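Chemist: For the sequence shown, position 63 matches number 63 in full-length UniProt numbering, and the numbering has no gaps at all. A virtual CB, placed ideally from N, CA and C, is assigned to each residue, including glycine. Please read all numbers here as calculations on a predicted model, not as lab measurements.
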Amino acid sequence: MKYYTIQPSSELSGYVRYFWVLECDISRDQPYIHRSMADGCAELIFHYQGRFDELLINGTSEKSFISGIHGQAQKHSRFTINESFGIFGVYLYPYALPKLFSIPAEEFSNQMVDIASLLGQKGKDLEEQIMLAGDNSQRVKILSAFLKNQQNLSSKSSPEIFSSIDYIIQTKGLINVEALADQYTCSVRQFERKFKEYSGFSPKLYSRIIRFQAALSEYGNTGQSLTEIAYACGYYDQSHFIHDFKEFSGHHPRHYFLKNGEGTEWRN
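Written as structure tokens, this is what we have:
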């Protein structure tokens, strides 16, 4: 299995955190199960080889999209495939969605929207270009040109709330919401309403998700106990850490950090 990231140009770095690629050769008798976890950022995703089925909580499955937006999420999802696959993704800041597509971020929360439903014929044309591209370097060029064009077409300004979302990401969710609202000289209620429009979640839930993501990044760090990871990531105690981790990932953190968690192979 091969996973790697590609940094965006400086022109796009305000909206794109990075491009990413995940590829793997799979045999039909050994299907791969992938698990996406709670995340404060959205992604544009293109399956240029293979197609996953989403495993639903009622025990059934349905075809996932070939290309589309996976919005910021407060839950985990499970997908399976029994053929070789290749995925090209664009990891976006959540406010990129209202800025580039003129749709409030909260409309994408916990949603997966196919590219044609989002962009119509423009989306179909983009999907075709990505599928026909010779390699992932070419896909980066195609997506960069597309996103730059969307940026030029956008009439939305970049409000101060963008920097508050950035600040929560940079501080790994360790921020007091009331103090953050005071920085923007508005009431907590006004701040929360605007924050949800551009991030998809309330500031408190968003901070919890970002803190959880910070804990995920400790994967492979075998020198720390669960308690040490919990305190380092700002959790009050280990039980609080376990509760949030299970809610947002579906894993007990012990299984995850011992590399026994389902769908974590790409992290190796």
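(1) Going straight from the alpha carbon of residue 259 to that of residue 206, what length do you get?
(2) Counting Cβ pairs closer than 8 Å, one from the segment 200-219 and one from the segment 231-243, do we hit at least three?
(3) On a Cα-Cα basis, can you pick out the residue from 257, 201, 251 that is closest to residue 225?
(4) In the DSSP assignment, what are the bridge partners of residue 92?
(5) Could you tell me which residues DSSP puts in a beta bridge with residue 81?
(6) Across which residues does DSSP place residue 68 in a beta bridge pair?
(7) Quick one: grab the DSSP three-state call for residue 2.
(8) Are the CB atoms of residue 92 and residue 42 within a distance shorter than 9 Å?
(9) I'd like the span of the beta strand (DSSP E) that includes residue 53, first residue to last.
(10) Buried or exposed: where does residue 139 fall if 16 or more other Cβ atoms within 10 Å of its Cβ makes it buried?
(11) Is residue 258 helix, strand or coil when you go by DSSP?
(12) Are residue 265 and residue 1 close, meaning C-beta to C-beta below 9 Å?
(13) Taking the alpha-carbon of residue 113 as reference, which of 73, 215, 183 has the nearest alpha-carbon?
(14) Sort out for me which residues DSSP pairs residue 73 with in a bridge.
(15) Excluding the 5 residues flanking residue 136 on each side, which residues of the same chain have their C-beta closer than 7 Å to its C-beta?
(16) In this structure, what does DSSP give as the bridge partners for residue 21?
(17) Would residue 85 pass as a contact of residue 51 if the rule is Cβ separation under 9 Å?
(18) Straight-line CA distance for residue 105 to residue 96?
(19) Give the DSSP-derived three-state secondary structure of residue 247 in the structure shown.
(20) Pick helix, strand or coil for residue 61, following the three-state DSSP scheme.
(21) Closer than 7 Å by C-beta to residue 11: which residues in its own chain qualify, once you throw out the five before and the five after it? Chain order, please.
(22) Who are the Cβ neighbours of residue 28 in its own chain at under 6 Å, not counting the five residues just before and after it?
(23) Can you say whether residue 165 is buried or exposed, counting buried as having 16 or more other CB atoms within 10 angstroms of its CB?
Modeler: In brief:
(1) 26 Å
(2) Result yes; three or more Cβ-Cβ pairs closer than 8 Å.
(3) 257
(4) 16, 42
(5) 32
(6) The partner list for residue 68 (beta bridge, DSSP) reads 45, 114.
(7) strand
(8) yes
(9) 53-55
(10) buried
(11) Residue state, collapsed to three classes: coil.
(12) Contact flag set, yes.
(13) 73
(14) 39
(15) 21, 88
(16) Residue pairing for residue 21: DSSP places it in a beta bridge opposite 4, 88.
(17) yes
(18) 8 Å
(19) helix
(20) strand
(21) Cβ neighbours of residue 11 beyond the five flanking positions: 148.
(22) Apart from the 5 residues on each side of it in sequence, residue 28 sits with its Cβ closer than 6 Å to the Cβ of 82 in its chain, given in chain order.
(23) buried
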